[in-house]
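The number in the working numbering is simply the position in the sequence shown, starting from 1, with 77 added. As structure tokens, the structure follows; a few thoughts come after it.
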Amino acid sequence: MRDYRDIPSWKDVTKEQWLDWKWQLRNSIHDTKILNDVFKLDSEELREVKAVLQEFPMSVTPYYLSLIDPENENDPVKQQAIPTIKEMNVSKGDLLDPLDEDVDSPVEGITHRYPDRVLMLVTHVCSMYCRHCTRRRKVGEVDRHIGGDLLDKQIEYIKNTPSVRDVLISGGDPLMLSTAQLEKIISRVYEIPHVEIIRLGSRMPVVLPMRIDDELVNMLKKYHPVYINTHFNHPNEITKYSAAACDKLNNAGVPLGNQTVLLRGVNDCPHVMKKLMHKLLQIRVKPYYMYQCDASRGISHFRTSIGKGIEIIESLRGHTTGMAVPVYVVDAPGGGGKIPISPQYLISRSQDHTILRNFEGVITVYHDNCKGHSVCGKDEACSDPKYKIKKGVAHIFANPEEIIEPSHKPRKLH
Ligand SMILES: *Cc1c(COP(=O)(O)O)cnc(C)c1O
Ligand code: SF4
């Protein structure tokens, strides 16, 4: 990371100011002035960014901006933070509410899609507006926290719905609320007898790690079990500041998970993903989900094929620590929820045998060992060479002692 004082607008900023999350929020970048300072945009680029800002808001914390290498046109942090004209492309299939979160909403700000847990939105704002955000908003749309009457209704709904044992507080970014405001919400959820765990979804450890201060963690500690899922997408986002924020949360007993979004040109590469997952484990963040980029409007340039996601999981599972492998999910359009997707490890099955392959490409047989054979060995077709199956995976059903092994494999099976 560069020294932030190299950026002309911040050359007189003190270390104390820089580490103050309120200073960071007050000085977040919403227009093209400082962008120009950092990137020396030409008039065409300036015009393009301004055009996008008519449609979608921008907000970048000075800290997150400082992670960008201005010499690198394809910088992974820049792509997540700085608008490009590509956002104006509306492609076929783009949707405003791709996950139909509004449809599964019994009261405003609650999405109840799964039987035992709800998503509770407490604010519409974030410190950094991810260019790839699912919940993209248009300029002029509500930019505020939810409170008062609406909060009462949300709490009332959870109280009256005893099946809810897990409340996921999200937004926007719930850590945009002051610690006192957040405590008002968390303490009310905590008091509901059937709520067993509270989860927060926040990108603050990534985009504004200074927000994770002692006041916050001392408050959260009172309402355990509290979990936080955050959103790191690239190894460059793991800095001494984000590591310190995660340390504080872990030390306060808040387990951390990570939800990565698979983004073309940012992290759609098995090597980058592996490095990210390793670095996350080093700062005690457990990779949880890797999301397929969904169908929100104006983000089609970030989308990869599902095949790319499978390729990434293929390159992780077995090749590295199991804890470093997130679950790859596609959030089904139309409110179908998260659907896990994985490479195929189950190759075929018969009644008694399941043919599996491992990460090395070794094909093995699991003997299902259920009692009672059907026709096996009793019919004359079994011994008739005319009907004998000699090839392919089906051959293994009849010869379960066989193992198929790629010849290039260094470690041979015994
Ligand atoms: C993702 C999500 C949840 C939480 O899902 P988990 O798989 O339990 O992490 C809950 N509600 C909604 C609407 C969601 O999109
Ligand atoms: S932090 Fe989350 S809700 Fe906020 S802009 Fe980023 S992806 Fe969207």
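Glycine included, C-beta positions come from ideal geometry on N, C-alpha and C. Predicted model only: the values in this text are computed from it and were never measured.
{"Check": "Distance between Q94 and R82 (C-alpha atoms, nearest Å)", "Outcome": "12 Å"}
{"Check": "Neighbour-count burial assignment, Y366, 16 or more Cβ in a 10 Å radius", "Outcome": "buried"}
{"Check": "Test item, CB below 6 Å from any non-hydrogen atom of ligand 1", "Outcome": "T188, R190, Y191, R194, L196, L245 and K415"}
{"Check": "Bridge partner(s) assigned by DSSP for V442", "Outcome": "I432"}
{"Check": "Proximity below 7 Å, CB of D193 to CB of S240", "Outcome": "yes"}
{"Check": "Ranges of the alpha helix (DSSP H) found wholly within the segment 145-215, counting only runs of at least 4", "Outcome": "153-158"}
{"Check": "Unbroken beta strand (DSSP E) run spanning G278, endpoints", "Outcome": "I274 to G278"}
{"Check": "Sequence-distant residues of the same chain with beta carbon closer than 7 Å to Y464, five excluded per side", "Outcome": "A458"}
{"Check": "beta-carbon R374 near ligand 2 non-hydrogen atom, thresh 6 Å", "Outcome": "no"}
{"Check": "Which listed residue (N295, R380 and V407) has its alpha carbon closest to that of N167", "Outcome": "Residue identity differs from the one stated: residue 167 is Val in this sequence, not Asn. Checking every option, the nearest Cα to that of V167 belongs to R380."}
{"Check": "Exposed unless 16 or more other CB atoms sit within 10 angstroms - verdict on L423", "Outcome": "exposed"}
{"Check": "S86 beta carbon less than 7 Å from that of I111", "Outcome": "yes"}
{"Check": "Completely contained alpha helix (DSSP H) runs for the segment 119-147, where each covers 4 or more residues", "Outcome": "120-132 and 139-143"}
{"Check": "Nearest candidate by alpha-carbon position, reference E122, set L144, E150 and Y140", "Outcome": "E150"}
{"Check": "Residue environment, T91, which counts as buried when at least 16 other CB atoms sit within 10 Å", "Outcome": "exposed"}
{"Check": "Helix, strand or coil at T256 according to DSSP, with G and I counted as helix", "Outcome": "helix"}
{"Check": "Where K363 sits in the DSSP three-state scheme", "Outcome": "strand"}
{"Check": "Under the three-state DSSP convention, the category T109 falls into", "Outcome": "helix"}
{"Check": "Between the CA atoms of S392 and G225 - distance to the nearest angstrom", "Outcome": "48 Å"}
{"Check": "According to DSSP, residues forming a beta bridge with V303", "Outcome": "I275"}
{"Check": "D179 beta carbon near ligand 4 (any heavy atom closer than 6 Å)", "Outcome": "Summarising the ligand content, the structure contains ligand 1 and ligand 2 and does not contain ligand 4."}
{"Check": "Cβ separation of D250 and R280, assumed to be a contact under 8 Å, to the nearest whole Å", "Outcome": "6 Å"}
{"Check": "C203 Cβ short of 6 Å to ligand 2 heavy atom set", "Outcome": "yes"}
{"Check": "N237 versus I263: straight-line alpha-carbon distance, rounded", "Outcome": "17 Å"}
{"Check": "Residue range of the unbroken beta strand (DSSP E) whose run includes Q336", "Outcome": "L333 to V338"}
{"Check": "DSSP bridge partner residues for T398 (one or two, in chain order)", "Outcome": "DSSP lists no partner for T398."}
{"Check": "Between the CA atoms of I432 and G152 - distance to the nearest angstrom", "Outcome": "Position check: residue 152 holds Asp in this sequence, whereas Gly was assumed. Roughly 44 Å between the two C-alpha positions."}
{"Check": "Given E164 as reference, the closest of F133, S427 and I289 once Cα atoms are compared", "Outcome": "F133"}
{"Check": "Backbone secondary structure at K88 - three-state DSSP", "Outcome": "coil"}
{"Check": "Option in I383, P347 and A471 with minimal Cα separation from T441", "Outcome": "A471"}
{"Check": "Contacting residues, own chain, Cβ-Cβ under 7 Å from L228 (five flanking each side not counted)", "Outcome": "I262"}
{"Check": "Rounded separation between A321 and P286 - CA only", "Outcome": "8 Å"}
{"Check": "Inter-residue Cα distance where the pair is W100 and Y318", "Outcome": "16 Å"}
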